[in-house]
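Visitor:
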Amino acid sequence: MSPENKLRLELLQSAPLNKWIALSEDESKIVAIGDTFGEVSERSDLAGCSDPVILKTQEVWVPISV
Amino acid sequence: MRLPCKAFPVSDGPHVCSARLNVSIALPYENAPRTKRFDAIVDSGATRCVLNADIGRFIGLNIQSRKLEETMGIDSMSKVYVHKVALYVPGGPINIKAGFMEGLRVPALLGMNGFFEHFIVKFEVNELAFEIDRVHRA
Numbered sequence: 000m001s002p003e004n005k006l007r008l009e010l011l012q013s014a015p016l017n018k019w020i021a022l023s024e025d026e027s028k029i030v031a032i033g034d035t036f037g038e039v040s041e042r043s044d045l046a047g048c049s050d051p052v053i054l055k056t057q058e059v060w061v062p063i064s065v
Numbered sequence: 000m001r002l003p004c005k006a007f008p009v010s011d012g013p014h015v016c017s018a019r020l021n022v023s024i025a026l027p028y029e030n031a032p033r034t035k036r037f038d039a040i041v042d043s044g045a046t047r048c049v050l051n052a053d054i055g056r057f058i059g060l061n062i063q064s065r066k067l068e069e070t071m072g073i074d075s076m077s078k079v080y081v082h083k084v085a086l087y088v089p090g091g092p093i094n095i096k097a098g099f100m101e102g103l104r105v106p107a108l109l110g111m112n113g114f115f116e117h118f119i120v121k122f123e124v125n126e127l128a129f130e131i132d133r134v135h136r137a
């Protein structure tokens, strides 16, 4: 696994469950956490990150079957 | 465009890797503001693109104002409301009809209608990577 992917994995492991989170543009740190997409979008702006990547953490980290 | 698969944790075991693309959406009008980029699963098993209703509300959609569709998930039926949106992907925006689902556990699924019809997608699971090439129609 690349160092970038490893760092990102560690970030996700440290993030609260069942939340929307915003990662920095290079996905190297968490810049905002919220209960809705809008909340985390606004909070990432307030954190000075205008181009984050927004994800939703799972209630439990399990493999997804889709 | 070749992209690495991304690693996701598993609570009681080793991590898993998944083909994900960062995308954004907007209302399908000129100069409509785009959302920030969000994580979407490249899902060849999905008939159409399905997005978390929360993202739709953020761009101003009245989610339940449009046609309700029932969809079959892995083990149960789900309801989505279909709206027209502009999907921002590599190569430029695409106007699509996407299903918006309340309580979707991920931000988005990129499915056959709306995504795969516009890209040649090659999964290279053993390389933990995937490749997408935009199909530009005349």
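So the protein sequences, as listed, match chains A and B. Under numbering that gives the first Met the number 0, residue 65 is the last one in the first sequence; the count climbs by one each step, no gaps. Under numbering that gives the first Met the number 0, residue 137 is the last one in the second sequence; the count climbs by one each step, no gaps. All residues carry an ideal CB built from backbone N, CA and C; glycine is no exception.
Hey, could you find the ends of the beta strand (DSSP E) residue 105 of chain B is sitting in?
Guide: Within the second sequence, residue 105 of chain B is the residue found at index 106, counting from 1. From DSSP, residue 105 of chain B is part of no beta strand (DSSP E); its letter is neither H nor E.
Visitor: Taking the alpha-carbon positions, what's the residue 132 of chain B to residue 114 of chain B distance?
Guide: For the purposes of this step, residue 132 of chain B is identified with residue 133 of the second sequence, where counting begins at 1. For the purposes of this step, residue 114 of chain B is identified with residue 115 of the second sequence, where counting begins at 1. Computed Cα separation, rounded: 11 Å.
Visitor: If you measure from the beta carbon of residue 57 of chain B to each beta carbon in chain A, is any gap under 7 Å?
Guide: Translated into the one-based positions of the second sequence, residue 57 of chain B becomes position 58. Residue 57 of chain B counts as touching chain A.
Visitor: Using 8 Å as the cut-off, can you tell me whether the segment 67–78 of chain B makes contact with the segment 117–128 of chain B, which would need three or more C-beta pairs spanning the two stretches below that distance?
Guide: Because the criterion of three Cβ pairs below 8 Å is not met, the segment 67–78 of chain B and the segment 117–128 of chain B do not touch.
Visitor: Helix, strand or coil for residue 18 of chain A, going by three-state DSSP, please let me know.
Guide: For the purposes of this step, residue 18 of chain A is taken as the residue at position 19 of the first sequence. Reduced to three states, the DSSP call for residue 18 of chain A is coil.
Visitor: Return helix, strand or coil for residue 114 of chain B, following the three-state DSSP convention.
Guide: Position 115 of the second sequence, counted from the start, is the residue given in the question as residue 114 of chain B. Coil.
Visitor: May I ask you to report which of helix, strand or coil DSSP gives residue 141 of chain B?
Guide: Chain B is shown only over 0 to 137; residue 141 of chain B falls outside these bounds and no answer can be derived.
Visitor: Counting only the same chain and skipping the five closest in sequence on each side, list residues whose C-beta sits under 6 Å from that of residue 103 of chain B.
Guide: Here residue 103 of chain B refers to the residue found at position 104 when the second sequence is read from its first residue. Result list for residue 103 of chain B: 51, in chain order.
Visitor: Please classify residue 53 of chain B as buried or exposed, where buried requires at least 16 neighbouring CB atoms within 10 angstroms.
Guide: The residue you call residue 53 of chain B lines up with position 54 of the second sequence. The residue is buried, with at least 16 neighbouring Cβ atoms inside 10 Å.
Visitor: I'd like the list of long-range same chain contacts for residue 90 of chain B, defined as Cβ closer than 6 Å, with 5 residues on each side in sequence excluded.
Guide: By 1-based counting over the second sequence, the position of residue 90 of chain B is 91. Taken in chain order, the residues that qualify are 133.
Visitor: Just the C-alpha distance for residue 7 of chain A and residue 5 of chain B, rounded to the nearest angstrom, thanks.
Guide: Mapped onto the first sequence, residue 7 of chain A falls at position 8. Mapped onto the second sequence, residue 5 of chain B falls at position 6. When rounded, the distance between both Cα atoms is 8 Å.
Visitor: Could you tell me which chain B residues have their CB closer than 8 Å to the CB of residue 37 of chain A, listed as they occur along the chain?
Guide: Counting from 1 along the first sequence, the entry for residue 37 of chain A is found at position 38. Result: 53, 56 and 57.
Visitor: Kindly indicate which three-state DSSP category residue 24 of chain A falls into: helix, strand or coil?
Guide: On the first sequence, position 25 is the one that residue 24 of chain A refers to. The answer is coil: DSSP assigns residue 24 of chain A none of H, G, I, E or B.
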